[in-house]
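Asks: Could you have a look at this structure, given as structure tokens, before my questions?
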Amino acid sequence: MRAKTGKRLSIRLGVAGRNPERTAVSYKAEYIWIDGTEPTALLRSKTKILADGAEPPVWGFDGSSTNQAEGHSSDRVLRPVFTCPDPIRGGDNVLVLAEVEEINGEPHVSNTRALLRPIAEQFADQESWFGIEQEYTFFKGSRPLGFPEGGFPAPQGPYYCGVGADAIFGREIVELHLDRCLAAGLAISGINAEVMPGQWEFQVGPAGPVEVSDHMWVARYLLYRTAEEFGVEATLDPKPARGDWNGAGAHTNFSTKAMREGYEAIIAACEALGEGDKPMEHISQYGSGVEARLTGAHETAPWNKYSYGVSNRGASVRIPWQVEVDKKGYIEDRRPNANMDPYVVTRLLVNTVCAALEK
Ligand code: ADP
Ligand code: MN
Ligand code: MN
Ligand code: MN
Ligand code: MN
1 MRAKTGKRLS IRLGVAGRNP ERTAVSYKAE YIWIDGTEPT ALLRSKTKIL
51 ADGAEPPVWG FDGSSTNQAE GHSSDRVLRP VFTCPDPIRG GDNVLVLAEV
101 EEINGEPHVS NTRALLRPIA EQFADQESWF GIEQEYTFFK GSRPLGFPEG
151 GFPAPQGPYY CGVGADAIFG REIVELHLDR CLAAGLAISG INAEVMPGQW
201 EFQVGPAGPV EVSDHMWVAR YLLYRTAEEF GVEATLDPKP ARGDWNGAGA
251 HTNFSTKAMR EGYEAIIAAC EALGEGDKPM EHISQYGSGV EARLTGAHET
301 APWNKYSYGV SNRGASVRIP WQVEVDKKGY IEDRRPNANM DPYVVTRLLV
351 NTVCAALEK
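At position 255 of the sequence shown (counting the first as 1) the number is 255 in UniProt numbering, and the numbers step up by one without a gap.
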């Protein structure tokens with residue numbers, strides 16, 4: 001297949017055997033995928049040069065180097081599922097988010113997107129929307145950005161939504177990341193500085209479960225790549241600094257059509273999330289180290305005690321005050337860790353809440 005394409009290309013260019021990489025009529029596709037690292041997957045990416053006009057094809061990689069295969073049979077497949085402009089390279093270049101498959105076409109066990117698709121489809125008529133607040137922390141070497149060498153900054157207080165060089169660290173990276181997300185066409189909806197120095201947040205959504213998750217993974221990719229240019233690491237570590245410092249979460253705002261139309265469905269959703277084994281089923285898949293973050297302090301509810309409440313940032317699930325006033329809107333699940341997999345969290349929420357609302 002590849003040889004055939006190459007042949008046709010070289011005939012068209014009139015340069016037999018010439019590598020399309022060296023012609024003007026080509027573009028770069030950066031294939032991005034989620035690897036098999038436990039307990040928290042990493043992003044990987046590599047570049048394919050494509051002839052102008054060619055669609056990004058199915059591709060492959062060495063799964064033995066990404067915790068996705070044993071060495072003796074290591075080919076794994078990249079199936080493009082979401083493509084957008086590449087705001088780093090610009091021009092006609094693209095980012096290509098791919099699902100990982102076995103060579104027989106089955107989803108790889110690390111492919112959580114494949115588990116979300118059928119659930120999203122099953123409950124599509126309830127029109128689920130998600131807005132995810134991604135918190136993260138910049139590190140320079142072994143210290144959060146803004147932490148002085150060998151010491152600690154002044155206690156939390158002035159940093160959240162702060163202004164000025166004494167409170168803010170890394171804004172130039174954050175601004176560039178925001179511009180790149182917009183240029184890529186991602187559904188990014190805002191940014192803010194967080195409670196700990198060097199800690200920030202961006203929000204993606206509202207959008208459907210598959211879309212918001214695809215956009216979140218690409219936004220994370222752009223964050224790592226943008227910080228890389230500044231010699232800074234961006235981490236989703238849920239507890240990046242020990243002591244009296246806030247952790248990093250990924251509050252997940254959620255609504256269905258019924259919730260956007262009436263309060264009864266809002267309460268029914270909160271109740272459904274608290275039923276039976278549901279709290280533990282969710283918590284255990286809300287990101288690695290979630291117990292260490294959900295201590296009951298620092299604007300969290302204890303991980304082993306489900307609660308919901310209006311305006312309550314100490315509850316597992318918050319009903320925003322405006323939602324109570326309007327008697328319709330959305331709920332905020334405050335439990336997911338910053339390092340959560342949005343394909344998993346949106347699947348659990350759709351599955352639990354939409355099944356309950358259907359009754
Ligand atoms: P917070 O006050 O908790 O910091 P943010 O403003 O950071 O909240 O994030 C709220 C998120 O909720 C945004 O991403 C927004 O797009 C999303 N959102 C707003 N309305 C809805 C809705 N009806 N359903 C789902 N998400 C929503
Ligand atoms: Mn090679
Ligand atoms: Mn927020
Ligand atoms: Mn926040
Ligand atoms: Mn929030």
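No residue lacks a Cβ here, since even glycine has one placed at the ideal position from N, Cα and C.
Whose CB is closer than 6 Å to a heavy atom of ligand 4? List the residues in chain order.
Replies: Output, sorted by chain position: GLU133, GLU135, GLU194, GLU201.
Asks: Does the Cβ of GLY71 have 16 or more other Cβ atoms within 10 Å, making it buried, or fewer, making it exposed?
Replies: Exposed, because fewer than 16 other Cβ atoms sit within 10 Å of the Cβ of GLY71.
Asks: For LEU176, which residues in the same chain have their Cβ closer than 6 Å to its Cβ, ignoring the five residues on either side in sequence?
Replies: THR226
Asks: Can you give me the start and stop residues for the alpha helix (DSSP H) that ILE266 sits inside?
Replies: 263-274
Asks: In whole angstroms, give me the CA-to-CA distance for TRP59 and THR256.
Replies: 36 Å
Asks: Return yes when at least one heavy atom of ligand 1 lies under 8 Å from the C-beta of GLU332, else no.
Replies: Result yes, Cβ under 8 Å from ligand 1.
Asks: Less than 9 Å between the beta carbons of ARG76 and GLY63, yes or no?
Replies: yes
Asks: Please classify SER284 as buried or exposed, where buried requires at least 16 other C-beta atoms within 10 Å of its C-beta.
Replies: exposed
Asks: So if DSSP puts TYR286 in a beta bridge, which residue, or which two residues, is it bridged to?
Replies: Partner(s): none; TYR286 has no beta bridge.
Asks: For ligand 5, is there a heavy atom less than 8 Å away from the beta-carbon of HIS251?
Replies: yes
Asks: When you compare the CB positions of ARG113 and LYS28, do they come within less than 9 Å of one another, or not?
Replies: no
Asks: Can you give me the Cβ contacts of ALA356 inside the same chain, cut-off strictly under 8 Å, excluding the 5 residues immediately before and after it?
Replies: ALA268, ALA269, GLU271, ALA272, GLU275
Asks: Would you mind stating whether GLY249 and ALA338 have Cβ atoms separated by less than 9 Å?
Replies: In this structure, ALA338 lies closer than 9 Å to GLY249 by Cβ.
Asks: Any heavy atom of ligand 3 within a distance shorter than 8 Å of the CB on GLN203?
Replies: yes
Asks: Going by beta carbon distance, what residues of the same chain come within less than 6 Å of GLY208, once the five residues before and after it are set aside?
Replies: none
Asks: With C-beta atoms as the reference, is TYR159 less than 9 Å away from GLN199?
Replies: yes
Asks: Residues in the same chain with beta-carbon distance under 8 Å from PHE147, minus the five sequence neighbours each way, listed in chain order, please.
Replies: Answer for PHE147: PRO153, PRO197, GLY198, ALA241, listed in chain order.
Asks: Count the C-beta pairs between the segment 162-181 and the segment 220-234 that are closer than 8 Å, then say yes if the count reaches three, no if not.
Replies: With a cut-off of 8 Å, the segment 220-234 and the segment 162-181 count as touching, because enough Cβ pairs lie within range.
Asks: Check whether the Cβ atoms of VAL290 and ARG335 sit closer than 9 Å, and answer yes or no.
Replies: yes
Asks: Report the three-state DSSP secondary structure of TYR159 (helix, strand or coil).
Replies: coil
Asks: Can you determine whether any heavy atom of ligand 1 sits closer than 8 Å to the C-beta of SER311, and answer yes or no?
Replies: no
Asks: Does any residue of chain D have a CB that is nearer than 9 Å to the CB of PRO118?
Replies: No chain D is part of this structure, which consists of one protein chain only.
Asks: Please name the residue, chosen from VAL232, VAL323, MET216, that lies closest to ALA265 on a Cα-to-Cα basis.
Replies: VAL323
Asks: Where does ALA193 sit, in a helix, a strand or coil, going by DSSP?
Replies: strand
Asks: I need the DSSP call for ASP92, collapsed to helix, strand or coil.
Replies: coil
Asks: What residues are listed by DSSP as bridge partners for GLN134?
Replies: PHE202
Asks: Taking only the alpha-carbon atoms, compute the straight-line gap between GLY205 and PHE230 and give it to the nearest angstrom.
Replies: Approximately 27 Å between the Cα atoms of the pair.
Asks: How many Å lie between THR107 and PRO118 at the Cα?
Replies: The residue asked about is misnamed: residue 107 is Pro in this sequence, not Thr. If I take the Cα positions, the gap works out to 13 Å.
Asks: Measuring straight from C-alpha to C-alpha, what distance separates ALA301 and HIS251?
Replies: 12 Å
Asks: So if DSSP puts ASP75 in a beta bridge, which residue, or which two residues, is it bridged to?
Replies: ASP62
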